[in-house]
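Notes to accompany the following structure.
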Amino acid sequence: MDNLINVFFNPDIMEKVWPFLLQGLWMTLLLSLTVVPLGLAGGLLVALAGNQGPRWLRWTMVVYVDFFRAFPPLVLLILIYFGLPFLSIDMPKFAAVAMGFLLNNSSYYGEVFRAGLESVPRGQTEAARSTGLNRFQTLWHVVIPQATRNVLPELISNTLEVIKLTALASVVAMPELLNNARQAQALTYNPTPIVLAALMYLMLLWPVVRLLSRLEHRSTVVR
Amino acid sequence: MNSAAPLSTLDRFLFSFFNPEVAARYVAPMLDGMLLTIGLGLCVIATGLVLGLTLAVVRIQHVRLINGIIVAFADIFRALPPLVVIILLFFAFPYIELSMSAFTATWLALSLVLAAFTEEIFWTGMLAIPKGQWEAARSTGLGPWATLVQVILPQAVRMTVPPLTNRTIAITKGTALGSVVALHEVLNVSSAASSEAGNATPLVMGAAAYLILFIPFVVFGRWVETRFAWKR
Amino acid sequence: MRPALELRDLCKAYGALAVLHGVSLSVPTGKLVFVIGPSGSGKSTLLRCCNLLEVPQSGAVLVDGQDITQAGVDLNRLRQQVGMVFQSFNLYPHMTALGNVTLALRKVQKLSKAQAQADGLQALARVGLTDKANTYPGQLSGGQQQRVGIARSLALKPKILLFDEPTSALDPELVGSVLQVMRELRESGMTMVVVSHEMGFARAAADHVVFMDKGQILEQGSPQVIFDTPQHPRLREFLTALGQR
Chain Z
1 MDNLINVFFN PDIMEKVWPF LLQGLWMTLL LSLTVVPLGL AGGLLVALAG
51 NQGPRWLRWT MVVYVDFFRA FPPLVLLILI YFGLPFLSID MPKFAAVAMG
101 FLLNNSSYYG EVFRAGLESV PRGQTEAARS TGLNRFQTLW HVVIPQATRN
151 VLPELISNTL EVIKLTALAS VVAMPELLNN ARQAQALTYN PTPIVLAALM
201 YLMLLWPVVR LLSRLEHRST VVR
Chain S
224 MNSAAPLSTL DRFLFSFFNP EVAARYVAPM LDGMLLTIGL GLCVIATGLV
274 LGLTLAVVRI QHVRLINGII VAFADIFRAL PPLVVIILLF FAFPYIELSM
324 SAFTATWLAL SLVLAAFTEE IFWTGMLAIP KGQWEAARST GLGPWATLVQ
374 VILPQAVRMT VPPLTNRTIA ITKGTALGSV VALHEVLNVS SAASSEAGNA
424 TPLVMGAAAY LILFIPFVVF GRWVETRFAW KR
Chain R
456 MRPALELRDL CKAYGALAVL HGVSLSVPTG KLVFVIGPSG SGKSTLLRCC
506 NLLEVPQSGA VLVDGQDITQ AGVDLNRLRQ QVGMVFQSFN LYPHMTALGN
556 VTLALRKVQK LSKAQAQADG LQALARVGLT DKANTYPGQL SGGQQQRVGI
606 ARSLALKPKI LLFDEPTSAL DPELVGSVLQ VMRELRESGM TMVVVSHEMG
656 FARAAADHVV FMDKGQILEQ GSPQVIFDTP QHPRLREFLT ALGQR
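Residue numbers (my numbering), protein chains in the order written: chain Z, 1 to 223; chain S, 224 to 455; chain R, 456 to 700.
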């Protein structure tokens, strides 16, 4: 038992690496706070383009979404990160990583918003237009609020996925949580940093998972 | 003379990303990588779905302690990034004499994650079946197991197929994560080949391989979604 | 005097399916025109052409003498003058009753918040629901929801009100409250076009009754003529089937 604790939960090592991991956590949060809002906006735009635009645009959006849903995010990241230099494009690491994540998650958010927009009955649009509201006003005040409410669990679920996705940035040596944990593990010859990082992820994300479960169960339980 | 004239941007692009010579060199290992990815993916889907369904069925028994463990399991493996789980299994476990191959670590990690999501999806699906269905079946004399199999699950499946398909696709893409622990799947092979050749073409080949593997899945997933419209 | 609403030779088809075969109708100002007919007769389509929720392939729709099917018509302005009440109410679930009523007042008529609220409360008063101003549609009965729907259109001070089967989705006990509001509107001089099965209401309150079948107007006249002395065989069949004869 002692041995287990010493190996996986070594208090001395935990104390030593904690600040370093905390730095990594900040980077994880920074990445998340950049990519999530942009992804949401991007996804909404994609969904609106498909919903409101002409047929060819709808098909283009479907292709865009399916393409990036089929593409493993890690591959996308690597492709952008290592491929850009070949194109003589010099992009700061953060931007390249963010762009990769953005392409990936805007397609997932796009799908969620698409379902959301379609879940709002057409009568709502008709009623709003019948009172003289123009297309934009109808979308902004009547359709989008309802669409978002209808797919809130999926939006939160997807956001959770995006935050977990930031761990992939460790592969391109982005100093986020997992990356720092692995570095610390290599330096201390002890897996405690990784266990600590796992615990930090849990601390951050377990509440979100709980919230999500509650929302999902509430919307499906038959009254 | 061609060697004196500067290459146009397009030529440079094609040379770096779509070089047929380089491509030919690495076709064989790439195909091996694809086979591995496919094999790994199938294993993950099989174990993940079966484990998830089993856990959901166990949860119906409403044994408090066991349910607590199942819920904790589902929460933990939905909250942890899959890459972290792979790293934990591959790098941390050897310290207690439990080392495993890259394949095992990746397969186990992804299966556990898929099982967690699957359990939740099945559970939510079963919750949505009105209690009256249970009551009706039981009052005609059907035992609990028969009720589950004949009445409840068929209805739950209808609700669960779309999210299940989507989640399975998402997690199976995680096989690429195996590259981080040097599993010789597509991404690993392409990255190594790209470094070796000093050319991005293998990476593009890898990307194409993934698209070939997964676009059919995604299209299938879309078809499934329309076929089994998710009722609210 | 110029009719408030006039339909000339309206034709509407969905692909190969023709729904309106050259329908013409005149709605005098301040009158209530009631449209009856079997389902599939094109009554709803006709009504929805009046505010261009459906666009006819040919023919003209004249609101106060102006043809609204022509290009260059400000559709949003028009729709404030021709209000619509829907069978399924279509209230915005995420807004209170007052919010539903004032949305267009604020965004389209650009009224100040205070003014919009005042006008909105006035409209709600006309349908007898001032005390429900801050309730959400989910907490209202069907009849109350429909009355809020009427208030929503009323608040814009329209010239014409269109009613698309306003009571068909209501429980029988709640129908009366909505018909009461409609009766009061008629008495106040509102021009109304109503598509409905409420024959009793038609007898009592309509100025003019129109019978449609298969995309055409087969007979029209005063309620007495239509209900007591129907001429067209299809109309007779229809009324017998409904137990009105």
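The beta carbon of each residue, even a glycine, is placed where N, CA and C say it ideally should be. Only a predicted model underlies this, so the values are computations on that prediction, with no experimental measurement involved.
With a threshold of 16 other beta carbon atoms within 10 Å, Trp330 (chain S) meets it and is buried. Under the DSSP assignment, Val648 (chain R) falls in the beta strand (DSSP E) whose first and last residues are Thr646 to Val650. Bounds of the alpha helix (DSSP H) holding Phe656 (chain R) are Met654 to Ala660. Inter-residue distance for Trp56 (chain Z) and Met99 (chain Z) is about 26 Å (C-alpha atoms, whole angstroms). Runs of alpha helix (DSSP H) with 4 or more residues, each lying fully within the region 132-192 of chain Z, are found at 144-150, 152-165 and 177-188, listed in chain order. Membership of Met539 (chain R) in any alpha helix (DSSP H) is not indicated; the residue belongs instead to the beta strand (DSSP E) covering Val537 to Val540. Counting the other CB atoms within 10 Å of its CB gives Tyr249 (chain S) a total of 16 or more, which places it among the buried residues. Around the Cβ of Pro621 (chain R), a 10 Å sphere holds 16 or more other Cβ atoms; the residue is buried. When rounded, the separation of the alpha-carbon atoms in Pro207 (chain Z) and Ala339 (chain S) is 16 Å. Residues are counted here when their Cβ sits less than 8 Å from a Cβ of chain R; for the region 120-146 of chain Z these are Pro121, Gly123, Gln124, Glu126, Ala127, Ala128, Arg129, Ser130, Thr131, Gly132, Leu133, Asn134, Gln137, His141, Val142, Pro145 and Gln146, given in chain order. With contacts defined by Cβ atoms closer than 7 Å, Ser413 (chain S) and Leu400 (chain S) do not form a contacting pair.
Under the 7 Å criterion on CB atoms, Arg214 (chain Z) is classed as non-interfacial with respect to chain S.
Taking the Cα positions, Glu118 (chain Z) is about 48 Å away from Thr684 (chain R). Assignment of beta-bridge partners to Gly676 (chain R) by DSSP yields R:Val664. Sixteen is the threshold: when 16 or more other Cβ atoms of the shown chains lie within 10 Å of the Cβ of His141 (chain Z), as they do, the residue is buried. Note: Lys467 (chain R) is bridge-paired with R:Leu475 in the DSSP secondary-structure output. With respect to chain S, the C-beta atom of Trp206 (chain Z) has a partner C-beta closer than 7 Å.
The C-beta of Asp2 (chain Z) comes no closer than 7 Å to any C-beta of chain S. Note on Asp626 (chain R): under 16 other CB atoms within 10 angstroms of its CB, so exposed under the neighbour-count rule.
In the DSSP assignment, Ser481 (chain R) forms a beta bridge with R:Glu461. Each of S:Asn242, S:Val374 and S:Pro386 was checked against the Cα of Val447 (chain S), and the nearest Cα belongs to S:Pro386. With a cutoff of 7 Å on beta-carbon distance, Val384 (chain S) and Phe451 (chain S) are scored as near each other.
Closest by C-alpha distance to Glu419 (chain S), out of S:Val267, S:Leu237, S:Pro377 and S:Ala246, is S:Ala246. A check of alpha carbon separations from Val336 (chain S) across S:Trp357, S:Val307 and S:Ala360 identifies S:Val307 as the nearest. The C-beta of Leu434 (chain S) comes closer than 7 Å to at least one C-beta of chain Z.
DSSP places Asp619 (chain R) in the strand class (E or B) of the three-state scheme.
Sequence-distant Cβ neighbours of Pro367 (chain S) in its own chain, meaning closer than 8 Å and more than five residues away, are Arg361. Check the Cα spacing between Val649 (chain R) and each of R:Ala661, R:Glu642 and R:Gly655: the tightest is with R:Ala661.
Residues of the region 457-468 of chain R with a C-beta less than 8 Å from any C-beta of chain Z: none at all. In this structure, the CA atom of Asn104 (chain Z) is about 11 Å from the CA atom of Val97 (chain Z). According to DSSP, Gln671 (chain R) shares a beta bridge with R:Asp668. Of all residues in the region 286-319 of chain S, only Val294, Ala297, Asp298, Ile299, Arg301, Ala302, Leu303, Pro304, Pro305, Leu306, Val307, Val308, Ile310, Leu311, Phe314, Ala315, Phe316, Pro317, Tyr318 and Ile319 place a beta-carbon less than 9 Å from a beta-carbon of chain Z. Straight-line measurement puts the Cα of Leu276 (chain S) at about 21 Å from the Cα of Thr327 (chain S). Where Phe489 (chain R) is concerned, there is no enclosing alpha helix (DSSP H), although the beta strand (DSSP E) around it starts and stops at Leu487 to Ile491.
Per DSSP, Ser543 (chain R) is not a residue of any beta strand (DSSP E), being assigned neither H nor E. Counting along the chain, the unbroken beta strand (DSSP E) around Gly514 (chain R) starts and ends at Ser513 to Val518.
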